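Q: The sequence shown begins at 0 in numbering that gives the first Met the number 0 and counts up by one. A virtual CB, placed ideally from N, CA and C, is assigned to each residue, including glycine. Quantities reported herein were computed from a predicted structural model and do not represent experimental measurements.
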Amino acid sequence: MKSFTGKALRWEWREGVIELVLDRAPANEIGLAMLEELEKFVAAMESLASDTSACIIYSNRKHGFSAGADLRELYQGAAQLSEEDRVSGVRNFLARIQAAFNTIDAAPFTTIAAVHGVCFGGGFELALICDIIVADKMARFAFPELRLGLIPGFGGIPRLKRDLGNAFIRDLLLTGRSVNAARAQAVGLVAQLAAEGEALRIARATAAQIVKFDGVTRSAAKKFIKPIPHEELRQEIDLFCDLFARPTVMAALKKFLESTDAMPYLP
Numbered sequence: 000m001k002s003f004t005g006k007a008l009r010w011e012w013r014e015g016v017i018e019l020v021l022d023r024a025p026a027n028e029i030g031l032a033m034l035e036e037l038e039k040f041v042a043a044m045e046s047l048a049s050d051t052s053a054c055i056i057y058s059n060r061k062h063g064f065s066a067g068a069d070l071r072e073l074y075q076g077a078a079q080l081s082e083e084d085r086v087s088g089v090r091n092f093l094a095r096i097q098a099a100f101n102t103i104d105a106a107p108f109t110t111i112a113a114v115h116g117v118c119f120g121g122g123f124e125l126a127l128i129c130d131i132i133v134a135d136k137m138a139r140f141a142f143p144e145l146r147l148g149l150i151p152g153f154g155g156i157p158r159l160k161r162d163l164g165n166a167f168i169r170d171l172l173l174t175g176r177s178v179n180a181a182r183a184q185a186v187g188l189v190a191q192l193a194a195e196g197e198a199l200r201i202a203r204a205t206a207a208q209i210v211k212f213d214g215v216t217r218s219a220a221k222k223f224i225k226p227i228p229h230e231e232l233r234q235e236i237d238l239f240c241d242l243f244a245r246p247t248v249m250a251a252l253k254k255f256l257e258s259t260d261a262m263p264y265l266p
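1) According to DSSP, is T259 part of a helix, a strand, or is it coil?
2) Please report how far the alpha carbon of R176 lies from the alpha carbon of N59, in whole angstroms.
3) Do A202 and I111 have their CB atoms nearer than 8 Å?
4) To the nearest angstrom, how far is it from the Cα of A185 to the Cα of F243?
5) So what's L192 in DSSP terms, helix, strand or just coil?
6) Verify the contact flag: P157, CB atom, against every heavy atom of the ligand ATP, threshold strictly below 7 Å.
7) Bridge partners for F3 per DSSP, in chain order?
8) Starting from A166 and walking both ways along the alpha helix (DSSP H), at which residues does that stretch end?
9) For the putative contact between T51 and G88, defined by C-beta atoms under 8 Å, what is the C-beta separation to the nearest angstrom?
10) Grab me the residues of R85's own chain with a C-beta within less than 6 Å of its C-beta, minus the 5 sequence neighbours each way, in chain order.
11) Are L147 and L252 closer than 8 Å when you measure CB to CB?
12) What runs of the beta strand (DSSP E), each 3 residues or longer, lie entirely inside the stretch 126-158?
13) For D241, does the count of other Cβ atoms within 10 angstroms reach 16, so buried, or fall short, so exposed?
14) Quick one, which of L80, E82, S46 and A94 has its alpha-carbon nearest L31's?
15) How would you call D213, buried or exposed, if buried means at least 16 neighbouring beta carbons within 10 angstroms?
16) In the DSSP assignment, the beta strand (DSSP E) including I17 goes from what residue to what residue?
17) Assign D130 to one of two classes, buried (16 or more other C-beta atoms within 10 Å of its C-beta) or exposed (fewer than that).
18) Does the beta-carbon of A220 have 16 or more other beta-carbons within 10 angstroms, so that it is buried, or is it exposed?
19) Answer with buried or exposed for Q259, where buried requires no fewer than 16 other C-beta atoms within 10 angstroms of its C-beta.
20) Select from K136, L188, K222 and L125 the residue whose C-alpha is nearest the C-alpha of L19.
As structure tokens, then:
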């Protein structure tokens with residue numbers, strides 16, 4: 000399937016490049032709709048891989064790349080269940096997300112995230128599965144989960160540990176603060192820094208360069224330099240579920256959804 004248009008995203012294959020466009024109002028929150036369509040994309044990858052050199056993931060929403068997990072859906076679904084069923088449901092959701100992310104992470108073609116604006120939580124984790132992050136200067140990256148009593152659950156911690164130094168990772172995870180694109184480039188998270196509004200153009204130019212080279216070599220090199228940390232990813236799900244079972248997390252999610260403050264997850 001070379002093209003697809005769904006409720007949360009769409010993609011199109013053209014001349015060796017797939018463009019996967021996130022387009023769910025208001026800010027590409029990742030819930031069941033986004034997950035199901037990402038799974039469709041993963042299923043289509045097998046038939047597209049042999050003719051594909053690069054994949055660009057970007058957002059069609061002006062607010063940014065993605066604000067992260069759909070917390071409203073998470074809370075409303077969990078509030079109707081017993082603690083045991085609540086944890087079982089979130090574990091299944093995380094396992095499906097990680098399975099889709101792992102497949103894209105290990106794709107034989109080169110993946111490029113073109114990031115603008117907000118790139119938080121699960122959206123940040125989606126960018127982290129890509130081989131190259133191109134960010135415009137107004138992009139911001141953060142893991143605000145700590146403020147809700149949680150940790151990232153889509154694979155963010157193991158992938159950051161794979162790619163970056165521990166000092167920067169601890170700063171993100173333990174403070175919940177956001178960092179701008181310039182600092183993200185300085186620590187090696189962002190490969191290319193673009194002027195405001197130029198990330199997609201630069202990502203497309205990068206993909207055009209990648210198309211020129213041998214696919215077998217590219218795939219072998221990527222597999223060598225970018226191993227998937229499967230065991231740590233499983234451990235992350237376990238820790239997330241242990242934390243999610245606490246009543247304080249449900250209370251924090253409820254506060255977040257009911258608040259009219261600009262940053263309702265702050266203490």
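A: Well, looking at it:
1) For the purposes of this step, residue 259 is taken as the residue at position 260 of the sequence shown. If DSSP states are grouped into helix, strand and coil, T259 belongs with coil.
2) Working through the sequence shown from its first residue, we reach residue 176 at position 177. Working through the sequence shown from its first residue, we reach residue 59 at position 60. Each residue's Cα considered, the two are about 25 Å apart.
3) The count along the sequence shown starts at 1 and reaches residue 202 at position 203. The count along the sequence shown starts at 1 and reaches residue 111 at position 112. Yes, the pair counts as a contact, with Cβ atoms nearer than the cut-off.
4) One-based indexing of the sequence shown puts residue 185 at position 186. One-based indexing of the sequence shown puts residue 243 at position 244. If you draw a straight line from the Cα of A185 to the Cα of F243, it is about 33 Å long.
5) The residue you call residue 192 lines up with position 193 of the sequence shown. Reduced to three states, the DSSP call for L192 is strand.
6) Absence of the ligand ATP is noted for the structure shown, with no ligands found whatsoever.
7) If you number the sequence shown from 1, residue 3 lands on position 4. The partner list for F3 (beta bridge, DSSP) reads W10.
8) Position 167 of the sequence shown, counted from the first residue, corresponds to residue 166. Element bounds for A166: N165 to T174.
9) Locating residue 51 in the sequence shown gives position 52, counting from the first residue. Locating residue 88 in the sequence shown gives position 89, counting from the first residue. About 34 Å separates the two Cβ atoms, so there is no contact after all.
10) Start at 1 with the first residue of the sequence shown, and residue 85 comes out as number 86. Hits under 6 Å: A77.
11) Along the sequence shown, one-based indexing puts residue 147 at 148. Along the sequence shown, one-based indexing puts residue 252 at 253. Judged by their CB atoms, L147 and L252 are nearer to each other than the 8 Å cut-off.
12) Segments of the beta strand (DSSP E) lying fully in the stretch 126-158: 131-135 and 139-141.
13) Working through the sequence shown from its first residue, we reach residue 241 at position 242. It counts as exposed.
14) Walking along the sequence shown from the start, residue 31 turns up at place 32. For L31, the nearest C-alpha among the options comes from A94.
15) Taking the first residue of the sequence shown as position 1, residue 213 is located at position 214. Under this definition D213 is an exposed residue.
16) Within the sequence shown, residue 17 is the residue found at index 18, counting from 1. Residues V16 to L21.
17) Sequence index remark: in the sequence shown, residue 130 carries index 131 (1-based). Result: buried.
18) In the sequence shown, counting from the first residue as 1, residue 220 sits at position 221. Exposed, because fewer than 16 other Cβ atoms sit within 10 Å of the Cβ of A220.
19) Sequence index remark: in the sequence shown, residue 259 carries index 260 (1-based). Per the sequence shown, the amino acid found at residue 259 is Thr instead of Gln. So T259 ends up on the exposed side.
20) Mapped onto the sequence shown, residue 19 falls at position 20. Taking only the C-alpha atoms, the option nearest L19 is L125.
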